[in-house]
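Protein sequence lines, in the order shown, are assigned to chains A and B. Quick note: the first sequence, position 43, residue 43 per full-length UniProt numbering, numbers continuous. Quick note: the second sequence, position 43, residue 43 per full-length UniProt numbering, numbers continuous. For every residue, glycine included, the Cβ atom is placed at its ideal position computed from N, Cα and C. Since we're looking at a predicted model, the values are computed, not measured. What follows is a single structure, written as structure tokens, with notes after it.
Protein chains: 2
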Amino acid sequence: MTTKSLPQPDREEIRVESVLQALGEPVRLQIIRALADAPQGIACGDIELPVTASTRAHHLRTLREAGVLSTRTDGTRRISTLRREDLDALYPGLLTGILSAPR
Amino acid sequence: MTTKSLPQPDREEIRVESVLQALGEPVRLQIIRALADAPQGIACGDIELPVTASTRAHHLRTLREAGVLSTRTDGTRRISTLRREDLDALYPGLLTGILSAPR
DNA sequence: CGAATAGTTCGATGTTGATCGTACTACGAT
DNA sequence: ATCGTAGTACGATCAACATCGAACTATTCG
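Pasting the structure below:
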């Protein structure tokens, strides 16, 4: 069992436009909320979503490339976690504000 | 000199997806930053933007309909202000987090 | 009134992006 | 080695949207 991380921007490369654009999509917001409830990370497939697997992969890639989440490989599974520390450092309050919104 | 406000969603009608999507566009983010620096409001045309007047109007409408800003008519001018109170109440920290981002 | 100014609306165009199915890769188990 | 599972990559399609120019509205000024 190995563990490898997928490419993602460094903290200083994260741009607020990309983060906001990434978060401004209903399915992706749903993903973020699921991740926020699972600080230890969650397998992509375990998130209930109204889209097919390939669309799900597309959204996860978008979020990862924007710097919103981190993905590591664990066997055949991909475990994603929110990059809470980086986001809080860059945009203090942003994540909390978004997550406090009524669902 | 009359003053009339343009239609906009009530606070409880504002949806976080719309807000994020509205903010996730470079030109619109530029507008928001200008508004944040002008609490008393600013005329649309006085914001320096790399787009034509009609595109500017389009973005201002998007932001207004998302609930991000308020526009009132003042003579031939349209004065826009950030709906900071509403946004802070709905998503505490969100606006601050966004505005604290490096330009 | 007519002209100038500030801004919007409309229609067209090009680009971006969300979605899907299919084919593919990687890993684990039998 | 073969099979099943988890997920990604690719190509196509369709909808959403950013942009522009031109025509329009509304207000102020002369």
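Exercise. Please classify L82/A: does DSSP put it in a helix, a strand, or coil?
Key: strand
Quiz item: If the cut is a Cβ gap below 7 Å, which residues of chain B does A101/A touch?
Solution: V16, L90, Y91
Quiz item: Pick from T96/A, L90/A, L69/A: whose alpha carbon is nearest that of I31/A?
Solution: L69/A
Exercise. Check whether the Cβ of G45/A lies closer than 8 Å to any Cβ atom in chain B.
Key: no
Quiz item: What residues of chain A sit near G97/B, judged by a beta carbon separation below 7 Å?
Solution: The answer, in chain order, is Y91, P92, G93, L94, G97.
Self-check item: Cα-Cα separation, L23/A to P50/B
Solution: 25 Å
Quiz item: Just reading off the alpha helix (DSSP H) that R28/B is part of, what are its end residues?
Solution: Per DSSP, R28/B belongs to the alpha helix (DSSP H) from 26-36.
Exercise. Let me know if T55/A comes out buried or exposed under the rule of 16 or more other beta-carbons within 10 Å of its beta-carbon.
Key: exposed
Quiz item: In chain B, what lies closer than 8 Å to P9/A by C-beta?
Solution: What P9/A touches in chain B: nothing, since even the nearest Cβ is about 14 Å away.
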